[in-house]
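Trainee: Going by this note's numbering, the first residue of the sequence shown is number 60, and it counts up by one from there. I am attaching a structure below and will ask some questions about it afterwards.
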Amino acid sequence: MSTPSTPCAGQAQPQPELDIRFPAGVNRIAGVVETVVALARQLYGETDQEQELALALTESLANAVKHGSKNNPALEVQCQVIVDGRSMKVMVRDSGPGFEPGSVANPLESAGLTSDHGRGLFMIRQLVDEVRFERNGAEIWMTKRF
């Protein structure tokens with residue numbers, strides 16, 4: 060099992076609560092989202108936060124399937140969830156080469172208004188508390204506080 064980043068000497072890595080891997084296909088997204096939301100509800104009860112997480116996760120999984128893995132079921136998409144007290148850290152990793160997140164235009168600024176993509180990343184950033192990219196953009200880490 061892979062880890063999100065290199066730990067400092069002597070620092071233990073948290074173990075994922077969920078580690079879901081599936082062939083890249085949009086038909087698999089809903090099941091993954093339902094599993095993660097069920098865990099959030101089990102841990103934190105029903106709140107608006109789990110619905111926000113569901114939307115962000117749906118978008119990040121769609122990006123991983125469509126853009127990163129090019130809808131190729133021979134490639135794998137991975138979703139890990141790490142529970143950290145009142146926060147869930149959700150990682151989505153695709154099999155693609157990645158991208159430069161900073162190159163995606165803000166959809167609220169002139170360059171982004173006419174773009175045919177980039178709204179999903181904007182939406183993800185609005186719905187979760189922290190976002191970071193690893194592996195040249197082929198991996199997104201989202202933190203949602205409950």
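Think of the CB as a built atom: it goes at the ideal place given N, C-alpha and C, for glycine as much as any other residue. Note that the structure is a prediction, hence the values are computed from the model and not measured.
Could you check if Glu105 is buried or exposed, using at least 16 other CB atoms within 10 Å of its CB as the buried criterion?
Mentor: Walking along the sequence shown from the start, residue 105 turns up at place 46. Exposed.
Trainee: Starting from Val91 and walking both ways along the alpha helix (DSSP H), at which residues does that stretch end?
Mentor: As a working note, residue 91 is residue 32 in the sequence shown. Where Val91 is concerned, the enclosing alpha helix (DSSP H) stretches over Ile88 to Tyr103.
Trainee: Have a look at Ser128 and Gly144 and give me their C-alpha separation to the nearest angstrom.
Mentor: Position 69 of the sequence shown, counted from the first residue, corresponds to residue 128. Position 85 of the sequence shown, counted from the first residue, corresponds to residue 144. So the two alpha carbons sit approximately 32 Å from each other.
Trainee: Helix, strand or coil: how does DSSP classify Thr16 here?
Mentor: The structure shown does not extend to residue 16, since the chain spans only 60 to 205, so no value can be given for it.
Trainee: May I ask you to report which of helix, strand or coil DSSP gives Gly171?
Mentor: As a first step, residue 171 is located in the sequence shown; it is residue number 112 there, counting from the start. With a pLDDT of only 49 at Gly171, under 50, the local geometry of the prediction cannot be trusted, and no value is derived from it.
Trainee: Please say whether Leu116 and Leu98 have beta carbons closer to each other than 8 Å?
Mentor: Counting from one through the sequence shown, the residue named residue 98 turns up at place 39. Counting from one through the sequence shown, the residue named residue 116 turns up at place 57. No, they are not a contact pair.
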